[in-house]
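Visitor: Please read through the structure below; I'll follow up with questions.
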């Protein structure tokens, strides 16, 4: 005779991390456990309206899956998007790589799902996760800097991430570190991300080695093998990054600098010279710990989940 087992409902939230090429999603428990994960292409080639509809449909699929699998509907949802984000109004204001402007994403998701929704900036959301449950756990002040196609930053203060008065806080990639240098799409010349992002290193190494398909990972491997051309390209990027980081730590006085993104995957090939370069530039400032990010590409989803749980825990919404 079969035995019937009744499982207790599992509280969870929906988390979405929307990127230029792909979307990562998860159902997240209150303790940060990823109960279910899924991915799909963003499909930006079909235009911004199609991307928004895909986000709504993906979230609805997750909601249905969670209710069926865990016996209770999701309590809230969090979504992280790139570009300029008005978190207070819940509006995705602008994203060059997705082509949208002034999308009321929080309201659209709320209407589709029927639950509270939080909207966040992708880097700040990843920084929130790194600060609370990742490399910065326990640090009251940290600065999270992912080195990817571009460079941005997240300023962590007492368990939250600072957005700034206009949503631009932490944009370290547009600190000018080489005045009069390479033009940047932002309109300035010599911005940090034109020298120290993964894209910038890839471009510089491709030019130096003569292989148009070479990238930053190839440069790191060449550095490890002692290639003098690679060492020069890499050190120039490290020096630019150290200049930007010391400017940031002078202003912010963090206890910890958390470095993530594609370049951080080089490990000590990056961190050994970077720590040395930062220490060499520090005078009166307190030297923070310079550490690798811990959560990898799950940081965005985990951070979106934290935003969702924060909605439930806020004074204006019922506590979970």
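In the working numbering, the protein residues as written are 5 to 324. By construction, the Cβ of each residue, glycine as well, lies at the ideal position given by its N, Cα and C atoms. The structure displayed is predicted, hence computed values, not measured ones.
Going by beta carbon distance, what residues of the same chain come within less than 7 Å of residue 129, once the five residues before and after it are set aside?
Guide: 84, 304, 307, 308, 311
Visitor: What's the C-alpha gap between residue 211 and residue 261?
Guide: A direct Cα-Cα distance of roughly 30 Å separates residue 211 from residue 261.
Visitor: Given a cut-off of 8 Å on the beta-carbon distance, is the pair residue 131 and residue 148 in contact?
Guide: Yes, the pair counts as a contact, with Cβ atoms nearer than the cut-off.
Visitor: Should residue 43 be labelled buried (16 or more other beta-carbon atoms within 10 Å of its own) or exposed?
Guide: exposed
Visitor: Taking 8 Å as the threshold, find out whether the segment 211 to 231 comes into contact with the segment 81 to 99 through three or more Cβ pairs.
Guide: no
Visitor: Starting from the Cα of residue 136, find the closest Cα among 163, 48, 152 and give me that residue.
Guide: 163
Visitor: Would you kindly report the start and end of the unbroken beta strand (DSSP E) that includes residue 161?
Guide: For residue 161, the enclosing beta strand (DSSP E) has its first and last residue at 158 to 161.
Visitor: Tell me whether the segment 175 to 183 and the segment 242 to 257 touch, counting them as touching only if at least three CB pairs, one residue from each stretch, are closer than 8 Å.
Guide: yes
Visitor: Would DSSP call residue 334 helix, strand or coil?
Guide: Absent from the structure is residue 334, since the part of the chain shown begins at 5 and ends at 324.
Visitor: Can you tell me the Cβ-Cβ gap for residue 80 and residue 315, rounded? I've got them flagged as a contact below 8 Å.
Guide: 5 Å
Visitor: How many angstroms separate the CA atom of residue 18 from the CA atom of residue 213?
Guide: 45 Å
Visitor: Just how far apart, CA to CA, sit residue 20 and residue 289?
Guide: 38 Å
Visitor: Mapping the DSSP letters down to three states, classify residue 172 as helix, strand or coil.
Guide: coil
Visitor: Can you tell me the Cβ-Cβ gap for residue 267 and residue 292, rounded? I've got them flagged as a contact below 8 Å.
Guide: Between residue 292 and residue 267 the Cβ distance is about 19 Å, and since that is not below 8 Å, they are no contact.
Visitor: Have a look at residue 47 and residue 26 and give me their C-alpha separation to the nearest angstrom.
Guide: 8 Å
Visitor: Where DSSP assigns a beta bridge to residue 89, which residues make up the other side?
Guide: 96
Visitor: Check residue 288 in the structure and name its three-state DSSP category.
Guide: coil
Visitor: Whole angstroms are fine: how far does the CA of residue 126 sit from the CA of residue 143?
Guide: 21 Å
Visitor: Per DSSP, residue 202 is paired with what?
Guide: DSSP output for residue 202 lists no bridge partner at all.
Visitor: Determine the closest residue to residue 110 out of 134, 240, 63, with distance taken between C-alpha atoms.
Guide: The shortest Cα separation from residue 110 among 134, 240, 63 belongs to 63.
Visitor: What residue range does the alpha helix (DSSP H) around residue 296 cover?
Guide: Premise fails: residue 296 lies in the beta strand (DSSP E), 293 to 296, not in any alpha helix (DSSP H).
Visitor: Using DSSP with H/G/I as helix, E/B as strand and the rest coil, what is residue 105?
Guide: strand
Visitor: To the nearest angstrom, report how far apart residue 31 and residue 66 are at their CA atoms.
Guide: Here the alpha carbon of residue 31 sits roughly 7 Å from the alpha carbon of residue 66.
Visitor: So, helix, strand or coil for residue 14, using DSSP?
Guide: coil
Visitor: Can you say whether residue 68 is buried or exposed, counting buried as having 16 or more other CB atoms within 10 angstroms of its CB?
Guide: exposed
Visitor: For residue 38, report the span of its beta strand (DSSP E) as first-last.
Guide: 38 to 45
Visitor: Roughly how many angstroms lie between the CA atoms of residue 185 and residue 193, to the nearest whole one?
Guide: Between residue 185 and residue 193, the C-alpha separation is close to 5 Å.
Visitor: On the DSSP letters alone, give me the boundaries of the alpha helix (DSSP H) that residue 316 sits inside.
Guide: 303 to 317
Visitor: When the Cα atoms are used, what is the spatial distance from residue 287 to residue 263?
Guide: 22 Å
Visitor: Can you give me the C-alpha to C-alpha distance between residue 23 and residue 86, rounded to a whole angstrom?
Guide: 7 Å
Visitor: Do residue 153 and the ligand SAH come close, with the Cβ less than 7 Å from some heavy atom?
Guide: By its list of ligands, the structure shown contains no ligand whatsoever, and the ligand SAH lies outside what it can speak to.
Visitor: Do residue 121 and residue 107 have their C-beta atoms closer together than 8 Å?
Guide: no
Visitor: Keeping to the same chain, check which residues put their C-beta closer than 8 Å to that of residue 239; ignore five residues upstream and five downstream.
Guide: 277
Visitor: With DSSP collapsed to three states, give me the class of residue 21.
Guide: strand
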